[in-house]
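The opening position of the sequence shown corresponds to residue 68 in the UniProt record's numbering, with each subsequent residue numbered one higher.
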Amino acid sequence: GAPASSPVTERVEKPTQEEYIPFLETDKEESTLSIVVVGASGDLARRKIFPALFALFIEDRLPEDFTIFGYGRSIMTDEELRNMISKTLTCRVDKRENCDEKMDAFLKKCFYSSGQYSSEEHFLELDKKLKEKEAGRLSNRLFYLAIPPNMFVDVARCAKRRASSENGWIRIIVEKPFGRDTESSRELTQGLKQYLSEDQIFRIDHHMGEELVENLLVLRFSNLVFEPLWSRNYIRNVQFIFSEDFGTHGQGRYFDNYGIIRDIMQNHLLQILALFSMDTPVSLDAEDIRNEKVKVLRSMKPVQLEDVVVGQYKGDCDGIRCYPGYTDDMTVSNNSLTPTFAAATLFINNARWDGVPFLMIAGKALHTKRAEIRVQFRHVPGNLYNRNFGTDLDQAGNELVIRIEPDEAIYLKINNKVPGLGMKLDRSDLNLLYKARCPREVPDAYERLLIDAIEGERRLFIRSDELDAAWAVFTPLLKELEEKKIAPELYTYGSGGPVGVHYLAAKHNVRWG
Ligand code: NDP
Numbered sequence: 068g069a070p071a072s073s074p075v076t077e078r079v080e081k082p083t084q085e086e087y088i089p090f091l092e093t094d095k096e097e098s099t100l101s102i103v104v105v106g107a108s109g110d111l112a113r114r115k116i117f118p119a120l121f122a123l124f125i126e127d128r129l130p131e132d133f134t135i136f137g138y139g140r141s142i143m144t145d146e147e148l149r150n151m152i153s154k155t156l157t158c159r160v161d162k163r164e165n166c167d168e169k170m171d172a173f174l175k176k177c178f179y180s181s182g183q184y185s186s187e188e189h190f191l192e193l194d195k196k197l198k199e200k201e202a203g204r205l206s207n208r209l210f211y212l213a214i215p216p217n218m219f220v221d222v223a224r225c226a227k228r229r230a231s232s233e234n235g236w237i238r239i240i241v242e243k244p245f246g247r248d249t250e251s252s253r254e255l256t257q258g259l260k261q262y263l264s265e266d267q268i269f270r271i272d273h274h275m276g277e278e279l280v281e282n283l284l285v286l287r288f289s290n291l292v293f294e295p296l297w298s299r300n301y302i303r304n305v306q307f308i309f310s311e312d313f314g315t316h317g318q319g320r321y322f323d324n325y326g327i328i329r330d331i332m333q334n335h336l337l338q339i340l341a342l343f344s345m346d347t348p349v350s351l352d353a354e355d356i357r358n359e360k361v362k363v364l365r366s367m368k369p370v371q372l373e374d375v376v377v378g379q380y381k382g383d384c385d386g387i388r389c390y391p392g393y394t395d396d397m398t399v400s401n402n403s404l405t406p407t408f409a410a411a412t413l414f415i416n417n418a419r420w421d422g423v424p425f426l427m428i429a430g431k432a433l434h435t436k437r438a439e440i441r442v443q444f445r446h447v448p449g450n451l452y453n454r455n456f457g458t459d460l461d462q463a464g465n466e467l468v469i470r471i472e473p474d475e476a477i478y479l480k481i482n483n484k485v486p487g488l489g490m491k492l493d494r495s496d497l498n499l500l501y502k503a504r505c506p507r508e509v510p511d512a513y514e515r516l517l518i519d520a521i522e523g524e525r526r527l528f529i530r531s532d533e534l535d536a537a538w539a540v541f542t543p544l545l546k547e548l549e550e551k552k553i554a555p556e557l558y559t560y561g562s563g564g565p566v567g568v569h570y571l572a573a574k575h576n577v578r579w580g
């Protein structure tokens, strides 16, 4: 115990703003939600954010009383904003329904306020307009920053200082890129934390909102049959594949500064890998899940250059049409070394996964568009059927495929007897095709993430220490690629990617392609 002479001071922790909320929210009738889409004229806002908000509105998932404000430098009236966003709203939630009335009701709740991103004065004007709509009620404010990241800190400052709610919460959603490496990511985190606390920052990785990614934990932790197999004892390797069947097509300026490793692997694929490989969380609470993710990310060895293949697509003509190469994109320099394809093998240095290769593959302008996880299991010991019947089934262990897109599905490849008097085996799929099982449209990832941010559910958002651990896995590799000016292997537009990936897969005994 403390020596008798030392003063015993009882530290009373001041509740954070978030801890006040349940108390403040007791009277829901009186509360109102203001959503400010910063960068409202941009691609992300128009294509994803407004349509997701509308889908939530149709499904009655938004609070009774809400207002949406677009904010940006573009000069627009409320009516012009409504015209702009009405073009991208669809009734996709229920295709049979005519949702014109709902669309009108939704648009009536949308307004616009123009201003600079670094002007506190302009945010004060926004604040006045918000207050008019909020009419003295308890008001919560959610800012979605659909703007280039170099403006995140300015907006956080202005929004926090001049457009915070006086009696409710303020939350700010930001989306990748969160820096280019460990240092710049930390700088951004520190910049935001000058004005916001960690629980006010919601870092989106939109793939975390995909139905099948959410289902990964359900699959693992609510079925007895998978979790006991989920280790080096039974799993031979795991692949995380993300391929697009189109190139940058004139939009390469942003991409050229980042490349496929930063754009897809360091964030989306690594997040999915962490969910796939983490240990059982203490509970489904955000902090418990994120603690497990950080643990597994910190157990990963930084990716080694010898375990990586980088590629860049080149143009191709198929007799009917020609497809431009990456450097034919006018917004990309002719001698760009930016990878549009990468394959990397990662290892997790813990008891569960020691020695198991996790192969990540991501690329643009490939022959298919798909995102999936493939789990290849070890061979059946003893190999009874192969020995007795000379089949080559030892080459084909079980494989579990979790297809995130297109056509969400989970299927398990099993060996099966061909019906008949003989003893022939073949491979069959135990197949859960979402389209067949659930007639309802699967929600868009942004819908889930927005509703979670509104409800203060942080499970799918990235905590700053997670981000730091994720950058630690890739930063040394990114630096080495850039310092050594490693030239990407060229691959043809619409092909399966560079040949080198087959060697990498073979090196780690992975069946691929
Ligand atoms: P945009 O380039 O379309 O920019 C959004 C808005 O920001 C613009 O309409 C513009 O509004 C303002 N803006 C653009 N450039 C500048 C600039 N140089 N200085 C000041 N304001 C500028 O971006 P996106 O909508 O595509 O993306 C927004 C953010 O989301 C980015 O950080 C992006 O990396 C990220 N993101 C985007 C995805 C997408 O699908 N588009 C997917 C994942 C992440 P105004 O002129 O009215 O001020």
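Where a beta carbon is used, it is the ideal one built from N, C-alpha and C, also for glycine.
Where residue i falls: helix, strand or coil (DSSP)
i, result
"K381", "strand"
"D493", "strand"
"V285", "helix"
"I239", "strand"
"A463", "coil"
"Y301", "coil"
"V363", "helix"
"E265", "helix"
"N417", "coil"
"S98", "strand"
"S108", "coil"
"L209", "strand"
"I271", "strand"
"R437", "strand"
"F425", "strand"
"S328", "The amino acid occupying residue 328 in the given sequence is Ile; Ser does not appear at that position. Helix at I328."
"V399", "coil"
"L91", "Here L91 scores only 43 on pLDDT, less than 50, and its place in the model is too uncertain to base an answer on."
"E354", "helix"
"V220", "helix"
"residue 588", "Nothing about residue 588 can be read from this structure; the chain reaches only from 68 to 580."
"E472", "strand"
"R578", "coil"
"E233", "coil"
"P565", "coil"
"E294", "helix"
Candidates the options: closest to residue i by CA position
i, options, result
"G561", "A520, Q379, K480, R445", "Q379"
"S141", "H316, L467, Y179, A202", "Y179"
"I308", "R470, G276, L212", "R470"
"K200", "I339, I135, S310", "I135"
"D535", "Q267, P369, G564", "P369"
"D266", "L426, I237, P244", "I237"
"D474", "P510, N450, G449", "P510"
"K169", "M143, M151, P118, N324", "P118"
"L517", "R507, G109, I239", "I239"
"L337", "K115, W538, E556", "W538"
"I331", "H273, G386, S298", "H273"
"T412", "I116, N165, H575, A213", "H575"
"D312", "N483, A429, L488, E97", "A429"
"W579", "F425, I521, R228, V399", "F425"
"I440", "Y452, I415, V468, D421", "V468"
"L228", "A122, M218, E250, S185", "Inspection of the sequence shows that residue 228 is occupied by Arg rather than by Leu. That would be S185, whose Cα lies nearest to the Cα of R228."
"I214", "F245, D194, N234", "F245"
"D374", "M143, N282, A573, K552", "A573"
"D171", "I125, G106, M143, L451", "I125"
"V399", "E250, R419, F322", "F322"
"T407", "S153, F173, E556, M218", "E556"
DSSP bridge partner residues for residue i (one or two, in chain order)
i, result
"C389", "C384"
"F313", "Answer is none; F313 lacks a bridge partner."
"Q371", "Answer is none; Q371 lacks a bridge partner."
"G430", "S310, F408"
"K484", "L492"
"Q443", "N304, E466"
"E199", "Answer is none; E199 lacks a bridge partner."
"E277", "Answer is none; E277 lacks a bridge partner."
"L479", "L467, L497"
"V103", "F136, F210"
"V376", "A410"
In the stretch 497-562, which residue ranges form an unbroken alpha helix (DSSP H) of at least 4 residues, counting only runs that do not cross its ends?
-> 501-504, 512-522, 531-550
Please list the segments of the beta strand (DSSP E) lying wholly inside the stretch 162-190, counting only runs of 3 or more residues, in order along the chain.
-> 177-181
Enumerated in chain order, which unbroken segments of the alpha helix (DSSP H) with a length of 4 residues or greater are wholly contained in the stretch 128-163?
-> 145-153
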